[in-house]
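The block underneath contains the structure these notes are about, expressed in structure tokens.
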Amino acid sequence: MANVHANVMQSQNSQSLSLPDRPKAKGNYTGERLKVLRPETYRRVVRLLAEPRQYVSYREICRQCHVTDDTVKAIEQREAIPIATRKQALMEQAARIAKLAADRVEDQIDTATLPQAVVTMGVMTDKVLALSADPAMIIRHEHQHLHAHQHRFEPITRDRFKEIIARLKAQRSASQSTLSFQSVPSPLSTNGR
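Note that the numbering used here has the sequence shown beginning at 3, numbered continuously upward.
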């Protein structure tokens with residue numbers, strides 16, 4: 003009751019009389035207590051950690067298993083080798099299933115009534131790619147200088163500027179002299195009406 007009053011009461015300069023906020027003490031998270039007290043939950047966290055992160059995030063593992071993210075990360079560090087082994091086993095299993103589904107699709111392609119096999123093949127192929135940690139696409143940027151002209155810097159001086167203007171005027175007058183315009187009455191003109 004006194005704690006409630008201390009939190010509600012304020013001093014005359016409008017500052018709270020309650021204890022100052024202390025930073026939360028960093029715990030020593032190892033997952034040991036979870037393994038002893040809730041072994042099924044511990045094993046489930048390990049199984050979920052073996053899944054690719056894009057399918058099961060840390061937040062989702064915390065939500066499903068009712069544990070904190072610190073506990074999940076501690077279990078991940080503690081069980082790094084078993085998780086890697088489990089990932090490898092899952093990848094091999096997914097590859098086998100994808101191969102079987104692909105074989106079935108190939109065997110029954112004439113009937114074309116195998117949407118489940120196609121979906122299974124796609125899902126398992128995605129699983130293999132996700133578990134293998136290979137990049138889905140390799141981006142290579144190559145720039146080839148195929149243009150025939152050379153780049154060089156020419157400072158623009160007054161003389162150079164006058165030369166450019168003269169050249170442009172000569173080009174314009176040459177293009178205008180080669181064009182012969184004929185005056186053709188427009189069908190939309192109002193002079194004839």
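Cβ coordinates follow ideal geometry from the N, Cα and C atoms, glycine included.
Check	Outcome
Which of helix, strand or coil DSSP assigns to GLU78	helix
Straight-line Cα distance separating ALA86 from ALA52	7 Å
Contact under 7 Å by Cβ, ALA96 with MET123	no
Beta-carbon contacts of VAL58 that lie in its chain and below 7 Å, excluding the five residues immediately before and after	LEU50
Counted within 10 angstroms of its Cβ, other Cβ atoms place VAL74 as buried (16 or more) or exposed	buried
For PRO41, the first and last residue of its enclosing alpha helix (DSSP H)	41-52
Alpha helix (DSSP H) runs contained entirely in the region 81-125, provided each spans 4 or more residues	82-109
Cα-Cα separation, ALA119 to ILE63	29 Å
Spatial neighbours of ARG24 in its chain, beta-carbon cut-off 6 Å, leaving aside the 5 residues before and after	Low local confidence applies: a pLDDT of 48 at ARG24 is under 50, so the model's placement there is unreliable, with the coordinate-based value given in what follows. Excluding residues within five positions, none has a Cβ falling inside 6 Å.
Buried versus exposed, by CB contacts within 10 Å (16 or more), GLU108	exposed
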